[in-house]
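Data first, discussion second: the structure below is written as structure tokens.
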Amino acid sequence: MAASLRSFLEQLKRQNSLYLVKKPVNPRFELGALLKKTKGTVPMFFQNIEGYDVPAVGGIVGTRENFAQALRINKSELLAKITEAITNPGETRLLPSGPVQENVLTKGFDIGKMFPIPTFHEKDSGAFITAGIVVAKDPIYGRRFTSIRRMQLNGPNNLSILIESPGLIEQYYEFERRGQAMEVAIVLGVHPAITLSSQLPTQTFGLDKYNVASRLIGEPLPVVKCKTIDLEVPADAEIVLEGRMLPYVRHPEGPFGELMGYYGPQTMQPVVEVTAVTFRNNPIFQVIFPSSYEHKLPNALMREVVLFNHVRHVVPTVQDVHLTMAGGGRCHAIISIKKTAEGQGKQAIFAALASNKDVKHVVVVNDDVDIFDPEDVEWAIATRVQADQDIIIIPGAQGTPLEPSHNLRGVSAKMGIDATYPLAEEERFARTQIPGYDQIRLEDYLTLDW
Ligand SMILES: Cc1cc2nc3c(=O)[nH]c(=O)nc-3n(C[C@H](O)[C@H](O)[C@H](O)COP(=O)(O)O)c2cc1C
């Protein structure tokens, strides 16, 4: 079975980790509330959505475990696997036809009536597509770029699109200068590898993201040509909206409950006019709850790849990096190093802060600390930091407008905490140990069977 949303759902089902929601669910607030309850970390299949025949799925790319399972690796291998796919991308396989075009509509459709597009938060301006992968093509080199952009439903065939990163919006402005529309395809319901590769920053890598997805999957990604535009889409996707971003057209977009759990304001944004809808028989609509782990993690993994390599350039003994979910997968970096020289903790802080403007607070720890365990990191801060010597604060730097304390002044203070202990003091900072501790399993001893 080709790598697709369906093949991954089957994989989850076999492991008993895909929950079926049989109760009728309202796409206005209720569907999002269910996903929010688990922070988007529990895969849920919504069989019965009020007013719709099409089911929805959510919570499938909110954990490292799920990405690792999708790529058939251990979660500790994720960054290495992504790095390998970036340095050695594969190729796609163009098919004459594919399941995603089992049904083709080029007129008379109303996407808001066809698909259960949710309204998430109380003050959101309306219904939003949040898991749509936008496909565009580089007009010079023909490279295929994918990215996720939220899209506000404006009418039967009309969406507003929010583009924040530089590449795609510059491309759109170029088409606009020529007075032309920019063709885009919006792909819904894909294998996690396609979601992941869509998060590769074009500014840094400039790669064809389908080719990276192929490498992640381990075989050429099958694609088909769109029906009304000159783009290719994954042959096994669930739904594709083909369309054009119209030149010099803007529409009010937002407010919308965003990544960091606050509302973003209404602004004027470009629109997509949908020219065709293609979909599989019995399509599944994919949803990502904004501000959930699903919203943060796919992007955070790509940021971790960049962060790791950036820090490694400065401190070669860096062991691992973690951009925490509470920090939006971008603001808070935890870095573990095998310290070989004094000063490396501070060097790692500089490298991390310089790696991306969104990194706001950095904690560097020794490699005996589990950087994915907040309690262990706090323990290192509590027992290995002296604030007058180990904390660096840099005022007035560039930050991320996605967090409101930055917007208060338009700049952001940066902080680094060097929670590594002095090299000469290894014995004083050695953790307590019990011989054979890891082999002792509580479940072999405890019972409630009195
Ligand atoms: C669930 C999800 C939603 C996202 N929504 C948006 C969005 O609305 N606008 C945006 O510019 N980026 C959004 N992003 C981030 C971009 O998809 C991501 O930065 C991508 O790598 C940009 O690609 P590019 O560098 O080729 O422009 C989202 C990411 C995820 C995972």
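Here the sequence shown is numbered in my numbering, starting from 362 and rising by one per residue. Every residue, glycine too, gets a C-beta built ideally from N, C-alpha and C. Computed from a predicted model, the values in this text were never measured in an experiment.
8 Å Cβ shell around Met686 - same chain, five flanking residues per side excluded: By 1-based counting over the sequence shown, the position of residue 686 is 325. Excluding positions up to five away in sequence, the list reads Lys400, Tyr654, Lys657, Leu658, Ala661.
Return the CA-CA distance between Pro553 and Gln747, expressed in angstroms with no decimal places. The residue labelled residue 553 in the question sits at position 192 within the sequence shown. The residue labelled residue 747 in the question sits at position 386 within the sequence shown. Taking the straight line from one Cα to the other gives about 43 Å.
Going by other Cβ atoms of all chains shown within 10 Å of its Cβ, with 16 needed for buried, is Asn435 buried or exposed? Walking along the sequence shown from the start, residue 435 turns up at place 74. When all chains shown are included, Asn435 counts as exposed.
Determine, using beta carbons only, whether Val585 comes closer than 8 Å to chain D. Chain labels in this structure do not include chain D; a single protein chain is all it has.
How close, in whole Å, do the beta carbons of Val633 and Val545 come, if the pair is a contact with beta carbons under 8 Å? Residue mapping note: residue 633 aligns to position 272 of the sequence shown, counting from 1. Residue mapping note: residue 545 aligns to position 184 of the sequence shown, counting from 1. The distance from the Cβ of Val633 to that of Val545 is about 6 Å, consistent with a contact at the 8 Å cut-off.
For Asn464, which of helix, strand or coil comes out of DSSP? Within the sequence shown, numbered from 1, the residue matching residue 464 stands at position 103. DSSP, read as helix, strand or coil, puts Asn464 in strand.
Would Gly760 and Lys718 be called neighbours here (beta carbons separated by less than 8 Å)? Taking the first residue of the sequence shown as position 1, residue 760 is located at position 399. Taking the first residue of the sequence shown as position 1, residue 718 is located at position 357. Between Gly760 and Lys718, the C-beta spacing is below 8 Å.
How is Asn768 classed by DSSP in three states: helix, strand or coil? Numbered from its first residue, the sequence shown carries residue 768 at position 407. Looking at Asn768 - three-state DSSP - the assignment turns out to be helix.
Could you give the uninterrupted runs of the alpha helix (DSSP H) lying entirely in the stretch 381 to 437, keeping only those of 4 residues or more? You should have 391 to 398, 425 to 432.
Same chain, Cβ closer than 6 Å to Val386, five either side skipped, listed in chain order: Translated into the one-based positions of the sequence shown, residue 386 becomes position 25. Residues of the same chain with a CB within less than 6 Å of the CB of Val386, apart from the 5 flanking positions on each side, are Leu392, Phe407, Ile410 in chain order.
Distance between Pro477 and Gly540 (C-alpha atoms, nearest Å): Residue 540 sits at position 179 when you count from the first residue of the sequence shown. Residue 477 sits at position 116 when you count from the first residue of the sequence shown. Rounded to the nearest angstrom, the two C-alpha atoms are 34 Å apart.
Residues in its own chain within less than 7 Å of Gly625 by CB, not counting five upstream and five downstream? Indexing the sequence shown from 1 puts residue 625 at position 264. Exclusion of the five residues before and after Gly625 leaves Gly615, Pro616, Phe617, Glu619 as the residues of its chain whose Cβ lies within less than 7 Å of its Cβ.
Per DSSP, cross-strand counterpart(s) of Asn727: Against the sequence shown, residue 727 aligns to sequence position 366. Beta-bridge partners assigned by DSSP to Asn727: Ile698.
Which of helix, strand or coil does DSSP assign to Ile530? Indexing the sequence shown from 1 puts residue 530 at position 169. Helix, per DSSP.
Please classify Asn519: does DSSP put it in a helix, a strand, or coil? In the sequence shown, counting from the first residue as 1, residue 519 sits at position 158. If DSSP states are grouped into helix, strand and coil, Asn519 belongs with the strands.
Gly469 versus Thr636: straight-line alpha-carbon distance, rounded: Within the sequence shown, the letter at position 108 stands for residue 469. Within the sequence shown, the letter at position 275 stands for residue 636. Each residue's alpha carbon lies about 10 Å from the other.
Compare the beta carbon distance of Val682 and Ala712 with 8 Å and say whether it is the shorter of the two. Your numbering for residue 682 matches position 321 in the sequence shown. Your numbering for residue 712 matches position 351 in the sequence shown. No, the Cβ-Cβ distance between Val682 and Ala712 is not below 8 Å.
Under 8 Å, with one C-beta from each stretch per pair, do the stretch 362 to 370 and the stretch 597 to 607 reach the 3-pair mark? Between the stretch 362 to 370 and the stretch 597 to 607, the count of C-beta pairs closer than 8 Å reaches three or more; the two stretches touch.
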